[in-house]
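Remarks on the structure that follows.
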Amino acid sequence: MSSESYTSIWDISVTDINGTAYPKLGEKFGTDKPKLSIVVNVASECGLTESNYSQLTEIQKKYKDQGFEVLAFPCNQFGAQEPGSNSQIFEFVCTKYSANFHLFDKIDVNGENTHELYQYLKSKGGLDQVTWNFGKFLIDQQGNFLEYADPEVEPNELIPKIEKYLSN
Numbered sequence: 119m120s121s122e123s124y125t126s127i128w129d130i131s132v133t134d135i136n137g138t139a140y141p142k143l144g145e146k147f148g149t150d151k152p153k154l155s156i157v158v159n160v161a162s163e164c165g166l167t168e169s170n171y172s173q174l175t176e177i178q179k180k181y182k183d184q185g186f187e188v189l190a191f192p193c194n195q196f197g198a199q200e201p202g203s204n205s206q207i208f209e210f211v212c213t214k215y216s217a218n219f220h221l222f223d224k225i226d227v228n229g230e231n232t233h234e235l236y237q238y239l240k241s242k243g244g245l246d247q248v249t250w251n252f253g254k255f256l257i258d259q260q261g262n263f264l265e266y267a268d269p270e271v272e273p274n275e276l277i278p279k280i281e282k283y284l285s286n
């Protein structure tokens, strides 16, 4: 299926970091889809890892009860900074950062093998490429693209936008 045929991210097939396949991402949440999500490509050995993982964990904790979720997709396309297996990534993120957000299977976000989720997100955001680790897509409850934040934007800088979208 091409990215143009999806009506939202909830229709796209994904696999979580533990190998559980979801024919549609929305099935992971059932009828209680997050009011707001950040979809982010992550890497364990990037210079941005410490601040992003720490801040994403805190933001998830602070806003989860208001319907907020972080959906993290490991990617090894930028400087080979996510070389580990899914189990190694899971261990690292959960042990070092006590991550409390959703981790998915390692994927490609650019190039010939770009995952359909990122094909969809980039097409909706008008992006040709994700430029580095920790690009952040804000997504509404219907699974629609709201906006994109470059990797240089710290997650905490998105808090005013998160609060705005959650209050709508």
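Quick note, the sequence shown lines up with residues 119 to 286 if you use the numbering used here.
Think of the CB as a built atom: it goes at the ideal place given N, C-alpha and C, for glycine as much as any other residue.
| Check | Outcome |
| --- | --- |
| Quick one: Cα of L276 to Cα of L189, how far? | 15 Å |
| Do you know whose CA, among D226, F186, D246 and L174, lies nearest C212's CA? | L174 |
| Are there 16 or more other CB atoms within 10 angstroms of the CB of G197, so buried, or fewer, so exposed? | exposed |
| In three-state DSSP terms, what is P192? | strand |
| By DSSP, does K254 sit in helix, in strand, or in coil? | strand |
| My parser needs the alpha helix (DSSP H) runs of 4 or more residues fully inside the stretch 198-280; what are they? | 204-215 and 234-243 |
| Please list, in chain order, all residues of the same chain as A139 whose beta carbon is under 6 Å from its beta carbon, the five residues on each side excluded. | T133 |
| Within a Cβ cutoff of 6 Å, which residues of the same chain sit near V160, ignoring the five residues on either side of it in sequence? | A190 and P192 |
| Just to confirm my understanding: we take F219, look at its own chain, exclude 5 residues before and 5 after, and list those with CB closer than 8 Å. What are they? | L174, T175, Q178, E187, V188, L189 and A190 |
| In the DSSP assignment, the alpha helix (DSSP H) including I177 goes from what residue to what residue? | T167 to Y181 |
| Taking Cβ to Cβ, would you say V157 is nearer than 8 Å to I257? | yes |
| What do you reckon, are the CB atoms on I127 and G243 nearer than 8 Å? | no |
| Rounded to the nearest angstrom, what separates G144 and D226 at their Cα positions? | 20 Å |
| Taking 8 Å as the cut-off, decide whether the C-beta atoms of G148 and L284 are in contact. | no |
| Of all the options V271, E265, A217 and E270, which has the alpha carbon lying nearest to the alpha carbon of K282? | E265 |
| Could you please give me the residues that DSSP links to F186 through a beta bridge? | L154 |
| Run the CB neighbour count on N170, radius 10 Å, all protein chains shown included, and call it buried at 16 or more, exposed below. | buried |
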